[in-house]
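*Asks:* Residue 1471 in the numbering used here sits at position 39 of the sequence shown, and the numbers go up by one each step.
The C-beta atom is built at its ideal place from N, Cα and C for all residues, glycine as well.
It should be emphasised that the depicted structure is a prediction, and the values quoted were computed from it without experimental measurement.
Pasting in a structure now, in structure tokens, and then I'll have a few things to ask.
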Amino acid sequence: MKARKQTRSNEAKQGVAVPGSAVPSRPVNTPENSSTTPDYHALLAEHAALKQRLQASDQEQQLALRKYRRGQELRPYQAELIRMQQCLERQGRKMIILFEGRGASGKGGTIRRITQYMNARRYRVVAFGKPREAERSQWFYQKYVREFPSAGEILLFDRSWYSRALIEPVFGFCSQTEYENFLRGVKGFEKDLRRQGIILIKLYFSVSKAEQARRYAQRRQDPLQSWKLEEADLDAEEYRDAFTEAKRRMLQHTHSYQSPWTIIRSDDKHLARLNAIKFILSQIDYEPLDPGLERFPDGNIVVSGATELERLEACRIRKLSS
């Protein structure tokens, strides 16, 4: 009897459950009272960081895939641009393409996609900055004519002589008289270009207020795009209404059947680039590389200057009557 009591006592000390005796309580190993709590929280943090990295990686892959697909969609049209360029060179013809629009409207990106695979010896891109004082005493078109293409060459103006109708009057870079003289005389100037056999294409890139603001914000945050924030662009949001009125007057005075404006809706950069290329190809009679390729642009993206002028006139009337 004494021996059994001794055995039960020893088993109880060792934590063994003994019939008829209470089971010794042991502390539950929880994150709150465990000595391993720091390790537990470290694992949680590591898991969250890994999950975030995987999500970011997935987003990057999706963006890269979308960029690749868009690039692939452009490639056959870029090949057609090369064929068109070769045709112009064989025929000794000259082409000038004007790119106009507000800041951050997609002009530069479209120019880069157009020229990406072209023969660099047969095209040039020209962009002028703020008018210099020395140019005030010169014939207004002098600096532009100096850059005009030779036979078989394509010239792309990233903003052109139409700065006199858009940027210069809005920001005070020209007098009212100079502005009015330009609006009256530019049709005659362009008529002379056509008489000399120059193919002139005038493109205006139209971006919405919300999308322009988004692109400006992106440029301010990205050091690789900060160079795009030109002085005039920084003020463009403040002068948006004045720029809209300048655009309306420009279309009113300079759009014609012989020298039309074509509007590119550019909120979607890819669609703007694709349809701008399609429009350019549709303006030239050449033997296509792929006869089955659709060369006519989307009517929701590419709009005639006359249609855009009607829209601006309607907006102006509504604003005046309100």
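1) Just to confirm before moving on: does the CB-CB distance between Lys1619 and Pro1692 stay below 9 angstroms?
2) Note down, in chain order, each residue of its chain lying with its Cβ closer than 8 angstroms to the Cβ of Glu1742, except the 5 sequence neighbours on either side.
3) Taking Cβ positions, are Leu1587 and Ala1678 nearer each other than 9 angstroms?
4) Please report the distance separating the alpha-carbon of Lys1575 from that of Phe1621.
5) Count the other CB atoms, across all protein chains shown, that sit within 10 Å of the CB of His1417; report buried if there are 16 or more and exposed otherwise.
6) Span of the beta strand (DSSP E) holding Arg1697?
7) Between Ile1529 and Ile1709, how many whole angstroms is the CB-CB distance? I'm expecting something under 8 angstroms.
8) Could you check which residue in Gly1561, Cys1606, Arg1568, Glu1612 has the C-alpha nearest to that of Ser1592?
9) May I ask you to report which of helix, strand or coil DSSP gives Val1455?
10) Using alpha carbons as the reference points, say which of Pro1601, Pro1508, Val1735, Ala1583 lies closest to Arg1553.
11) What is the DSSP secondary structure of Val1639, reduced to helix, strand or coil?
12) Are Ser1638 and Glu1740 touching if we call contact CB-CB under 9 angstroms?
13) Quick one: what's got a C-beta closer than 8 angstroms to Tyr1555's C-beta in the same chain, skipping five residues either side?
14) To the nearest angstrom, how far is it from the Cα of Gln1644 to the Cα of Glu1669?
15) Please go through the same chain and pick out, in chain order, the residues whose beta-carbon is closer than 7 angstroms to the beta-carbon of Leu1721, but skip the five residues on each side of it.
*Replies:* Inspection of the coordinates gives the following:
1) no
2) none
3) no
4) 14 angstroms
5) Residue 1417 is absent from the model: the chain starts at 1433 and stops at 1754.
6) 1693-1697
7) Contact flag wrong, Cβ pair sits at about 11 angstroms.
8) Gly1561
9) With a pLDDT of 49 at Val1455, under the threshold of 50, the modelled position of this residue cannot be trusted, and the question is left open.
10) Ala1583
11) coil
12) yes
13) Gln1517, Thr1547, Glu1585, Ile1586, Leu1587, Leu1588
14) 8 angstroms
15) Ala1511, Glu1512, Arg1515
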